[in-house]
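Novice: Residue numbers for the sequence shown follow this note's numbering, so the first one is 1 and each next one is one higher. C-beta atoms are modelled at their ideal positions from N, C-alpha and C, and glycine is treated no differently. If you're wondering where the values come from, they're calculated on a predicted model, not measured in any experiment.
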Amino acid sequence: MAMASSLDQIGPMAKNVADCRALFDCIKGKDRYDATSAEILQATNHKPQIANLKIGIPKEYFSEGIDSDVEKTIKNTISKLAAEGAKITEINLPHTPDALACYYVIVPSEVSSNLARYDGIKYGARATDIKNLLDVYLNSRGQYLGKEVRRRIMLGTYALSAGYYDAYYLKAQKVRAKIKEDFDEAFRQVDLILGPVTPTTAFKIGEKADDPVQMYLSDVYTVPINLAGLPALSMPCGLASGLPVGLQIIGPHFSEDLIFEFGRHIEEII
Numbered sequence: 001m002a003m004a005s006s007l008d009q010i011g012p013m014a015k016n017v018a019d020c021r022a023l024f025d026c027i028k029g030k031d032r033y034d035a036t037s038a039e040i041l042q043a044t045n046h047k048p049q050i051a052n053l054k055i056g057i058p059k060e061y062f063s064e065g066i067d068s069d070v071e072k073t074i075k076n077t078i079s080k081l082a083a084e085g086a087k088i089t090e091i092n093l094p095h096t097p098d099a100l101a102c103y104y105v106i107v108p109s110e111v112s113s114n115l116a117r118y119d120g121i122k123y124g125a126r127a128t129d130i131k132n133l134l135d136v137y138l139n140s141r142g143q144y145l146g147k148e149v150r151r152r153i154m155l156g157t158y159a160l161s162a163g164y165y166d167a168y169y170l171k172a173q174k175v176r177a178k179i180k181e182d183f184d185e186a187f188r189q190v191d192l193i194l195g196p197v198t199p200t201t202a203f204k205i206g207e208k209a210d211d212p213v214q215m216y217l218s219d220v221y222t223v224p225i226n227l228a229g230l231p232a233l234s235m236p237c238g239l240a241s242g243l244p245v246g247l248q249i250i251g252p253h254f255s256e257d258l259i260f261e262f263g264r265h266i267e268e269i270i
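1. Am I right that LEU227 and ALA99 are in contact with their C-beta atoms under 8 Å? What's the rounded C-beta distance?
2. Using the C-alpha atoms, what's the distance from TYR158 back to ILE40?
3. Give the secondary structure of ILE57 by DSSP, where H, G and I count as helix, E and B as strand, and everything else as coil.
4. Once DSSP output is grouped into helix, strand and coil, what is the label at THR155?
5. Are there three or more Cβ pairs, one per stretch, closer than 8 Å when the region 194 to 211 is compared with the region 238 to 245?
6. Quick one: give me the first and last residue of the alpha helix (DSSP H) that LEU258 is part of.
7. Can you list, in chain order, the residues of its chain whose CB lies under 7 Å from that of GLY124, leaving out five sequence neighbours each side?
8. If you compare alpha carbons, which of GLU64, VAL105, LYS147 and ASP184 is closest to GLY56?
9. Output yes or no for whether 9 Å exceeds the beta carbon distance between ILE179 and PRO224.
10. State the DSSP-derived secondary structure class of ALA162, mapped to helix, strand or coil.
11. Quick one: what's MET3 bridged to in DSSP?
12. Am I right that VAL105 and ARG264 are in contact with their C-beta atoms under 8 Å? What's the rounded C-beta distance?
13. So, helix, strand or coil for THR198, using DSSP?
14. Taking contact to mean 3 or more Cβ pairs, one atom from each stretch, closer than 8 Å, check whether the region 253 to 269 and the region 16 to 31 are in contact.
15. Return helix, strand or coil for ALA86, following the three-state DSSP convention.
16. Helix or strand or just coil, what does DSSP make of GLN248?
17. Keeping to the same chain, check which residues put their C-beta closer than 7 Å to that of ILE10; ignore five residues upstream and five downstream.
18. Alpha carbon to alpha carbon, how far is LEU243 from TYR216?
19. In angstroms, rounded to a whole number, what distance separates the CA positions of ASP219 and VAL197?
20. Does the distance from the CB of LEU81 to the CB of TYR61 come in under 9 Å?
21. Would you give the residue range spanned by the alpha helix (DSSP H) that LEU134 belongs to?
22. Using a Cβ-Cβ cut-off of 6 Å (strictly less than) and excluding sequence neighbours within five positions of VAL149, which residues of its own chain qualify?
23. Applying the 10 Å Cβ sphere with the 16-neighbour rule, what's the burial state of TYR33?
Here it is as structure tokens:
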């Protein structure tokens, strides 16, 4: 079931980097039935020379909003890498503040389009309490689609409607292109980028269920990578108040081999 066609991507989850890589090796590569897949270089499985790596640290990822303990834990890992000779460089990703708004225009728009078929007629469950054709549409979608799904469909339908397409969706696509340009420029200077996964540690189940904007803000450091179509690895790098802190390793296109090897090295030093 497609959600946002231009962003959807499968990715493995595992207890450690080695297991994650083993899963990735099973799903990577060219699929002759998938036009979006591509040939990639054979993995070399070599340990990266830390002293030769240039690591970029986006200053936008350590600005207002990040929890102090999360920032401290991430920077502690960066310091360990610097002590091993990694060249740490501060970089700019100037359109990071626009990424969240951009993402939450594009995703609901594509959700609205992709889920339009689930109307209880040909696709999806059909409500039983119906008296006419209109009830089939209204009751089926209202009854079987979750609250967040319905919210995104409504937002997307609005963004794609006449008179608002240029103001929202088209503008979001232009911002997306700028975000990609930011990363392209960054990778002319560095080999990899490091940063936090979320600005805080995990919040309690249901704590922000009634405030979707607060939940969306947790995506602020990850949606730019998705919008730019880049590979990244999220891994724990320590604890803050007893909860794990996520570190993400971001690389240029088809740099998964380097990302995994670098992630495995970080596992060894933390």
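Specialist: Quick answer:
1. Position 227 of the sequence shown, counted from the start, is the residue given in the question as residue 227. Position 99 of the sequence shown, counted from the start, is the residue given in the question as residue 99. Their Cβ separation, rounded to whole angstroms, is 6 Å, which keeps LEU227 and ALA99 in contact under 8 Å.
2. On the sequence shown, residue 40 is found 40 positions in, with the first residue counted as 1. On the sequence shown, residue 158 is found 158 positions in, with the first residue counted as 1. Their Cα atoms are separated by approximately 39 Å.
3. In the sequence shown, residue 57 corresponds to position 57, counting from 1. The answer is strand: DSSP assigns ILE57 an E or B state.
4. Residue numbering aside, residue 155 sits at position 155 when the sequence shown is read from its first letter. At residue 155 the sequence reads Leu, which differs from the Thr that was named. If DSSP states are grouped into helix, strand and coil, LEU155 belongs with the helices.
5. yes
6. By one-based count along the sequence shown, residue 258 stands at place 258. Where LEU258 is concerned, the enclosing alpha helix (DSSP H) stretches over 256 to 269.
7. Here residue 124 refers to the residue found at position 124 of the sequence shown. The answer, listed in chain order, is TYR118, SER140 and TYR144.
8. Position 56 of the sequence shown holds residue 56. Ranking GLU64, VAL105, LYS147 and ASP184 by Cα distance to GLY56 puts ASP184 first.
9. As a working note, residue 179 is residue 179 in the sequence shown. As a working note, residue 224 is residue 224 in the sequence shown. Remark: C-beta atoms of ILE179 and PRO224 approach each other more closely than 9 Å.
10. Reading the sequence shown from its first residue, position 162 is the one you call residue 162. In this structure, ALA162 counts as coil in the three-state DSSP scheme.
11. Here the question's residue 3 lines up with position 3 in the sequence shown. Under DSSP, MET3 shares a beta bridge with no residue.
12. Reading the sequence shown from its first residue, position 105 is the one you call residue 105. Reading the sequence shown from its first residue, position 264 is the one you call residue 264. About 37 Å separates the two Cβ atoms, so there is no contact after all.
13. For the purposes of this step, residue 198 is identified with residue 198 of the sequence shown, where counting begins at 1. Correct three-state label for THR198: coil.
14. In short, these stretches touch, since the Cβ pair count reaches three.
15. Residue mapping note: residue 86 aligns to position 86 of the sequence shown, counting from 1. Judged by DSSP in its simplified three-state form, ALA86 adopts coil rather than helix or strand.
16. By 1-based counting over the sequence shown, the position of residue 248 is 248. In this structure, GLN248 counts as strand in the three-state DSSP scheme.
17. In the sequence shown, counting from the first residue as 1, residue 10 sits at position 10. Excluding its 5 nearest sequence neighbours in each direction, ILE10 has C-beta neighbours in its own chain below 7 Å: ILE27, listed in chain order.
18. Position 243 of the sequence shown holds residue 243. Position 216 of the sequence shown holds residue 216. Within the model, the alpha-carbon separation for LEU243 versus TYR216 is close to 20 Å.
19. For this step, residue 219 is matched to residue 219 along the sequence shown. For this step, residue 197 is matched to residue 197 along the sequence shown. Using only the alpha carbons, I get a separation of about 8 Å.
20. On the sequence shown, residue 81 is found 81 positions in, with the first residue counted as 1. On the sequence shown, residue 61 is found 61 positions in, with the first residue counted as 1. In this structure, LEU81 sits away from TYR61, with a CB-CB distance that is not shorter than 9 Å.
21. Stepping through the sequence shown from its first residue, residue 134 is reached at position 134. Unbroken alpha helix (DSSP H) run through LEU134: 133 to 144.
22. Within the sequence shown, the letter at position 149 stands for residue 149. Nothing meets the Cβ criterion.
23. Your numbering for residue 33 matches position 33 in the sequence shown. That one is exposed.
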